[in-house]
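Colleague: Under full-length UniProt numbering, the first residue of the sequence shown is numbered 1, with each subsequent residue one higher. Built from N, CA and C at the ideal position, the CB exists for glycine as well. These numbers were taken from a predicted model, which means no experiment stands behind them.
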Amino acid sequence: MIEFFERPDGTPPANGYSHAARGAGRLVAVSGQLPVDPQGVLVGAEDALAQARQVFANLGTALAAAGARPPELLRLTFFLTDLADLPAVRTARDEFLGDGPLPTSSLVQVVGLVLPGARIEIDALAVVDDSAAPHAG
Numbered sequence: 001m002i003e004f005f006e007r008p009d010g011t012p013p014a015n016g017y018s019h020a021a022r023g024a025g026r027l028v029a030v031s032g033q034l035p036v037d038p039q040g041v042l043v044g045a046e047d048a049l050a051q052a053r054q055v056f057a058n059l060g061t062a063l064a065a066a067g068a069r070p071p072e073l074l075r076l077t078f079f080l081t082d083l084a085d086l087p088a089v090r091t092a093r094d095e096f097l098g099d100g101p102l103p104t105s106s107l108v109q110v111v112g113l114v115l116p117g118a119r120i121e122i123d124a125l126a127v128v129d130d131s132a133a134p135h136a137g
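#1: So, using beta-carbon positions, are A126 and V28 closer together than 7 angstroms?
#2: Report the option in Q33, F5 and P13 whose CA atom is closest to the CA atom of R22.
#3: Could you work out which residue in R93, L86, E72 and P13 is closest to A24 when comparing CA atoms only?
#4: Where does S63 sit, in a helix, a strand or coil, going by DSSP?
#5: Taking the C-alpha atoms as reference points, what is the distance between H135 and L83?
#6: L49 to M1, Cα distance in whole Å?
#7: Starting from the Cα of A68, find the closest Cα among H19, R7, A124 and G10 and give me that residue.
#8: So, for A62: in the same chain, excluding its five sequence neighbours on each side, which residues have a beta-carbon less than 6 angstroms away from its beta-carbon?
#9: Could you spell out the range, first to last residue, of the alpha helix (DSSP H) harbouring D94?
#10: When DSSP labels each residue in this structure, what does I2 get in the three-state scheme?
#11: So P103 and S18 are supposed to be a Cβ contact under 8 angstroms. How far apart are they, rounded?
#12: In angstroms with no decimal places, state the Cα-to-Cα distance between G137 and V41.
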């Protein structure tokens, strides 16, 4: 269960994120996802939207592997090499989240990423309801 506080009294307007969130359940941490396909090949070398869509696809796959879904995202951290890519990233984010809740987020501009040609990396935290947790046996 996650409770989102999109714009608590006294906070400035938010553009596609919540100012705060709290949750109870299993914490799922997803490492930074890069714009690579399942074979590890860079997608969309000069296309920020293609890269952002690939990063969100990878994020969705990683979340699913851990038993989580996009509505259970608590936090997204964005790393961009060029802030001019932000509109494309927001488009891909909105496609990925749909009408779901808006997780908290941070954006950091970086000089470069570990993969040459990558323009974006995103890591995430999600909270999955304990009652939905698979049990190892």
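Modeller: Here's the rundown:
#1: Yes; because the gap between Cβ atoms is below 7 angstroms, this pair is in contact.
#2: Closest option to R22, Cα to Cα, is F5.
#3: The residue from R93, L86, E72 and P13 with its alpha-carbon nearest to that of A24 is E72.
#4: Residue 63 is actually Leu in this sequence, not Ser. If DSSP states are grouped into helix, strand and coil, L63 belongs with the helices.
#5: Confidence in H135 is poor, its pLDDT being 41 and thus under 50, which makes the residue's placement unreliable; the coordinate value appears in the next sentence. Rounded to the nearest angstrom, the two C-alpha atoms are 42 angstroms apart.
#6: If I take the Cα positions, the gap works out to 31 angstroms.
#7: The shortest C-alpha to C-alpha distance from A68 to any of H19, R7, A124 and G10 is the one to A124.
#8: Excluding positions up to five away in sequence, the list reads V30.
#9: Residues L86 to L97.
#10: I2: strand per DSSP, three-state reduction.
#11: The C-beta separation of P103 from S18 comes to about 7 angstroms, placing the pair in contact by the 8 angstroms criterion.
#12: For G137, the predicted model reports a pLDDT of 37, less than 50, meaning its position is unreliable and no value from the coordinates is stated.
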